[in-house]
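*Asks:* Chains as they are written, first to last, in numbering that gives the first Met the number 0: chain A, 0 to 254; chain B, 0 to 360.
Even for Gly, the Cβ is constructed at its ideal location relative to N, Cα and C.
Here the structure is a predicted model, which means the values were calculated and not measured.
Can you keep this structure in mind? I'll have questions shortly.
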Amino acid sequence: MTDVLLEVRGLHRSFGGVKALAGCTLDVIEGKINGLIGPNGSGKTTMFNIITGYERCDEGDVLYRGSSIRNRTPEAIFALGIGRTFQLTRIFGRLSVLDNMLVATQRNEVWLRSMLRPTGSASERAHAMELLDFVGLARLSGELAGSLSYGQRKLLELAYVLVADPQLILLDEPAGGVNPSLINQLSGKIAELNQQGTTFLVIEHNMEFVMGLCHAVTVMSYGCVIAAGTPEVVRADPKVLDAYLGGTEEDEDES
Amino acid sequence: MTSPLTRVRRPFASAEQEAAGDPTPTAWISLLVRRPLWRSVVLVLLLILIPLVITGATFTTIAVYCLMYMGIATAWNSFSGFSGYVSLGHAVFFGVGAYTMALLSTHWNMSGGLSMFALLPLAGVIAALIAIPYGYVALRTRRHTFVVITIAFFFIFQLLAFNLSFTGGSAGVVLPNGQFSAADYNDPFYYACLVVLVLTVAVAAGIRRSRFGLQLFAIRDDEDRARSLGVKVNRVKITSFAVSAVPVAMMGAVWAFFIGQIYPQFAFNPALDVTIALMAFIGGFGTIIGPLLGALVLEALQRYLNLYLANADLYLVIYGLLFLVVISFLPEGILPSIAGRLRQRRLRSQNSTTVSTQESR
Ligand SMILES: Nc1ncnc2c1ncn2[C@@H]1O[C@H](COP(=O)(O)OP(=O)(O)OP(=O)(O)O)[C@@H](O)[C@H]1O
Ligand SMILES: [Mg+2]
């Protein structure tokens with residue numbers, strides 16, 4: 000039996016006339032790397048935003064370990080152990096890379112006491128450096144995060160989500176704009192974290208990446224889930240080929 | 000995009016570099032920005048000695064105002080510079096401090112003298128208590144709206160000062176006479192400002208290195224992201240707002256006692272808001288030394304121009320010109336821009352050395 004860690008039930012969300020989500024249902028299986036694919040504008044990021052509290056949903060429910068987390072605040076979701084990265088990376092550009100990591104250790108700070116405590120205890124710094132080393136940014140720890148390249152920002156975002164040791168990590172296009180050798184490194188990291196028990200839900204357009212890494216894949220199109228299953232099953236599904244893979248493979252051939 | 004370097008922290012690499020006696024100007028600048036304690040001590044000792052050496056009343060009056068504005072700009076910066084929320088309503092706290100001093104000292108029939116300064120902490124506390132609901136409302140909005148809301152709050156308070164029954168209305172309030180000797184009349188005010196200034200700088204520098212400061216900086220860079228990483232943003236913002244109100248009010252209280260009679264339009268003066276923002280901006284947002292330098296230079300300049308050119312409004316022209324020069328050539332303020340450039344140069348020279356070592360392999 001596989002356990003479902005996160006369940007998305009019949010999610011609806013419209014922006015004016017655009018139905019970004021029209022009744023999406025999705026299971027994230029505990030201990031697995033779950034993929035989420037679909038053409039541009041199919042509603043993937045919107046689903047992430049609703050799960051992590053950045054946007055409200057019109058209808059439907061989100062269950063984490065069986066209880067509803069619908070329309071909670073982002074910090075409450077984070078406190079539950081769900082971390083995420085953003086499609087357009089969001090880092091603290093004018094802080095150093097190491098300070099970026101330390102921001103993620105502030106969640107338990109007591110209000111006024113935090114004024115009297117200097118940033119980053121030795122153990123927090125050591126842990127942060129360990130994680131930076133893990134994503135290969137340790138040597139840049141003193142640089143301003145704003146000076147990092149796009150791919151490095153993606154890695155930094157992943158690293159500081161890891162600081163809080165979440166059980167579930169949502170990655171929005173982790174490989175987008177990242178060079179091929181770094182992509183391999185990245186999927187290696189994700190697999191390694193997964194081995195240690197972290198569950199992932201990954202949005203990605205890079206088919207090779209998704210099919211090589213994910214244990215289960217869900218396909219969205221126009222705000223609906225059109226297929227779900229193992230990569231092989233999804234790959235062979237005519238509906239998916241129709242809506243997505245066909246188009247993408249052509250794109251890839253062209254480029 | 001250039002990195003503004005409002006927070007110079009190079010924990011590992013720079014520690015090694017500094018230990019190795021790095022002779023580049025970058026190390027020197029970073030020492031200046033992260034000034035070690037003994038330098039501050041020497042500076043404070045110098046400031047203590049100044050009125051004993053230079054006793055002319057013209058000079059000491061200007062010195063009092065310089066210290067006052069240095070404290071106010073530092074306090075303002077510890078909120079606006081650190082959190083990125085530009086407040087144009089801190090003059091409210093200056094006015095609150097001034098009125099606290101004026102009303103309480105007359106109400107309690109105080110007879111002037113040094114005991115008047117005992118009211119300073121009270122002025123600070125009252126301002127902080129006002130800052131909490133004020134911040135609670137104003138900080139619900141995001142950056143640009145926040146600026147407008149603080150301006151609105153400012154005018155509400157000014158209106159109150161004009162119209163409330165206990166404020167004396169447009170006639171203002173006359174304070175008890177100082178009772179200090181004419182020869183060194185300015186000295187008590189100078190030292191009061193100095194004490195408040197030193198405390199303010201110490202608190203601002205402490206916040207800057209604290210976890211609380213890190214949370215503020217994270218809010219400045221990406222508030223939503225900070226929130227999603229568990230930073231309790233509302234609490235942090237309001238606390239910082241209230242803390243920054245305290246020194247401003249204390250300086251307001253010193254000012255009221257210093258000039259002896261206050262009027263609502265001068266105690267709640269909109270020019271103060273613009274002036275302190277400009278001082279902090281020209282020196283450098285988010286740094287410690289920036290607002291100090293900015294306030295020192297601008298305030299001294301303004302007072303001397305007033306004196307020698309007898310033209311009260313000329314300083315506005317100079318402010319405007321300075322502002323234009325800084326914003327076009329040093330968009331992050333003087334200090335951070337210079338530090339940022341030096342840092343870039345250092346990076347470039349570092350890169351070129353790594354490239355050449357790779358090539359030589
Ligand atoms: N805040 C918003 N306001 C208005 N429309 C929005 C908003 N967010 C998303 N949409 C719309 O919802 C639809 C789904 O967007 P979403 O970002 O979820 O797509 P996506 O699957 O992540 O696409 P991509 O692969 O390009 O990232 C799009 O048509 C988009 O224009
Ligand atoms: Mg998207």
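(1) Of all the CB atoms in chain B, is at least one closer than 9 Å to the CB of A:Glu255?
(2) Quick one: measure Cβ to Cβ for A:Val7 and A:Thr24, integer angstroms, because I've assumed they're closer than 8 Å.
(3) In terms of residues, what are the limits of the beta strand (DSSP E) holding A:Val7?
(4) Quick check on the burial criterion: 16 or more other C-beta atoms within 10 angstroms. Buried or exposed for B:Ile218?
(5) Could you name the residues of the same chain whose beta carbon sits closer than 6 Å to that of B:Glu15, not counting the 5 residues immediately before and after it, in chain order?
(6) Quick one, which of B:Ile275, B:Arg207, B:Arg226, B:Tyr190 has its alpha-carbon nearest B:Val43's?
(7) Between A:Thr44 and ligand 2, is there a pair consisting of the residue's CB and a ligand heavy atom that are separated by less than 8 Å?
(8) Could you give the residue range of the beta strand (DSSP E) that holds A:Asp60?
(9) Quick check on A:Val17: does DSSP put it in helix, strand or coil?
(10) Give the DSSP bridge partners of B:Phe257, in chain order.
(11) Note down, in chain order, all residues in the stretch 182-207 of chain B with a beta-carbon under 9 Å from any beta-carbon belonging to chain A.
(12) Is there a Cβ of chain B sitting closer than 9 Å to that of A:Pro179, yes or no?
(13) Could you tell me whether the Cβ of B:Lys236 comes closer than 9 Å to any Cβ of chain A?
(14) Going by DSSP, what residues sit across from A:Gln199 in a beta bridge?
(15) Distance check for A:Ser95 and A:Val102, CA to CA, integer angstroms please.
(16) Does chain B have any CB closer than 9 Å to the CB of A:Gln105?
(17) Comparing the CB of B:Arg261 with every heavy atom of ligand 1, is any distance shorter than 8 Å?
(18) Write down every uninterrupted run of the alpha helix (DSSP H) in the stretch 218-288 of chain B whose length is 4 residues or greater and which is fully enclosed by it, in chain order.
(19) Taking the C-alpha atoms as reference points, what is the distance between A:Gly230 and A:Leu154?
(20) Could you please give me the residues that DSSP links to A:Gly228 through a beta bridge?
(21) Could you name the residues of chain B that A:Gly92 contacts, counting a contact when the two beta carbons are closer than 7 Å?
(22) Please classify A:Glu251: is it buried, with 16 or more other beta-carbons within 10 angstroms of its beta-carbon, or exposed?
(23) Does the distance from the CB of B:Ile71 to the CB of B:Val273 come in under 9 Å?
(24) Using a Cβ-Cβ distance cut-off of 9 Å, determine whether A:Leu115 contacts chain B.
(25) Between B:Gly177 and B:Arg139, what straight-line distance do the alpha-carbon atoms span, to the nearest angstrom?
(26) Do the stretch 236-250 of chain B and the stretch 95-108 of chain B touch if we need at least three Cβ pairs shorter than 8 Å?
(27) Quick one, are the C-beta atoms of A:Val326 and A:Leu169 less than 9 Å apart?
(28) Would you say A:Asp98 reaches chain B, if we count a Cβ-Cβ gap shorter than 9 Å as a contact?
(29) Between A:Pro237 and the rest of its own chain, which residues show a CB-CB distance below 6 Å, the 5 nearest in sequence each way excluded?
(30) With 16 as the cutoff for other CB atoms within 10 Å, does B:Leu277 come out buried or exposed?
(31) If B:Ala299 and B:Cys65 are in contact, beta carbons under 8 Å, what's the gap, nearest whole angstrom?
(32) Assuming A:Thr217 and A:Gly34 make a contact with CB atoms under 8 Å, what is their CB distance in whole Å?
(33) If you run the structure through DSSP and keep just helix, strand and coil, what is A:Ile50?
(34) Look at the Cβ atom of B:Thr166, then the Cβ atom of B:His89, and state whether they are nearer than 9 Å.
(35) Decide yes or no for the touch test of the stretch 179-195 of chain B against the stretch 51-65 of chain A: beta carbon pairs closer than 8 Å, at least 3 of them.
(36) Within 10 Å of its beta-carbon, does A:Glu191 have 16 or more other beta-carbons around it, so buried, or fewer, so exposed?
*Replies:* On the basis of the supplied data:
(1) This structure leaves residue 255 of chain A out entirely; chain A is present only between 0 and 254.
(2) With a Cβ gap of about 6 Å, A:Val7 and A:Thr24 count as contacting.
(3) Per DSSP, the continuous beta strand (DSSP E) segment holding A:Val7 begins and ends at 3-14.
(4) Buried, because 16 or more other Cβ atoms sit within 10 Å of the Cβ of B:Ile218.
(5) Since pLDDT at B:Glu15 reaches only 38, below the 50 mark, its modelled position is unreliable, and the value read off the structure follows with that caveat. Within its own chain, no residue has a Cβ closer than 6 Å to the Cβ of B:Glu15 once the five positions on either side in sequence are excluded.
(6) Cα-wise, what sits closest to B:Val43 is B:Tyr190.
(7) Yes, the Cβ of A:Thr44 comes within 8 Å of a heavy atom of ligand 2.
(8) Per DSSP, the continuous beta strand (DSSP E) segment holding A:Asp60 begins and ends at 58-63.
(9) DSSP, read as helix, strand or coil, puts A:Val17 in strand.
(10) B:Phe257 is not bridged by DSSP to any residue.
(11) Going along the stretch 182-207 of chain B in chain order, one finds Val202, Gly205, Ile206 with a Cβ nearer than 9 Å to chain A.
(12) It does not; no Cβ of chain B falls within 9 Å.
(13) Taking 9 Å as the threshold, the shortest C-beta distance from B:Lys236 to chain A does not fall below it.
(14) The residue you asked about is not Gln; residue 199 of chain A is Phe in the sequence shown. A:Phe199 pairs with A:Ile32, A:Ile168.
(15) Rounded to whole angstroms, A:Val102 to A:Ser95 spans 11 Å at the Cα level.
(16) For A:Gln105, the answer is yes, since a Cβ of chain B falls inside 9 Å of its Cβ.
(17) First, the amino acid is wrong: residue 261 of chain B is Ile here, not Arg. Because no heavy atom of ligand 1 lies under 8 Å away, the Cβ of B:Ile261 does not count as near it: no.
(18) Listed in chain order, they are 232-258, 263-266, 269-282.
(19) It should be pointed out that residue 230 of chain A corresponds to Pro in this sequence rather than to Gly. So the two alpha carbons sit approximately 25 Å from each other.
(20) According to DSSP, A:Gly228 bridges with A:Val216.
(21) Under the 7 Å cutoff, chain B gives Asp220.
(22) In this predicted model, A:Glu251 has a pLDDT of only 42, less than 50, meaning its place in the structure is not dependable; the value taken from the coordinates is given anyway. By the 10 Å Cβ count, A:Glu251 comes out exposed.
(23) Between B:Ile71 and B:Val273, the CB-CB gap reaches or exceeds 9 Å.
(24) With respect to chain B, the C-beta atom of A:Leu115 has a partner C-beta closer than 9 Å.
(25) Whole-angstrom Cα-Cα distance: 42 Å.
(26) Result yes; three or more Cβ-Cβ pairs closer than 8 Å.
(27) Because chain A is modelled from 0 through 254, residue 326 of chain A falls outside the range shown and cannot be assessed.
(28) At least one chain B Cβ lies under 9 Å of A:Asp98.
(29) Excluding sequence neighbours, A:Pro237 sits near nothing in its chain.
(30) Buried, since its Cβ has 16 or more Cβ neighbours within 10 Å.
(31) Between B:Ala299 and B:Cys65, the beta carbon gap of about 6 Å places them in contact (Cβ cut-off 8 Å).
(32) About 7 Å separates the CB atoms of A:Thr217 and A:Gly34; that is less than 8 Å, so the two are in contact.
(33) In the three-state DSSP reduction, A:Ile50 falls in the helix class (H, G or I).
(34) Their beta carbons are not under 9 Å apart, which means B:Thr166 does not touch B:His89 by this criterion.
(35) The stretch 179-195 of chain B is not in contact with the stretch 51-65 of chain A.
(36) The residue is exposed, with fewer than 16 neighbouring Cβ atoms inside 10 Å.
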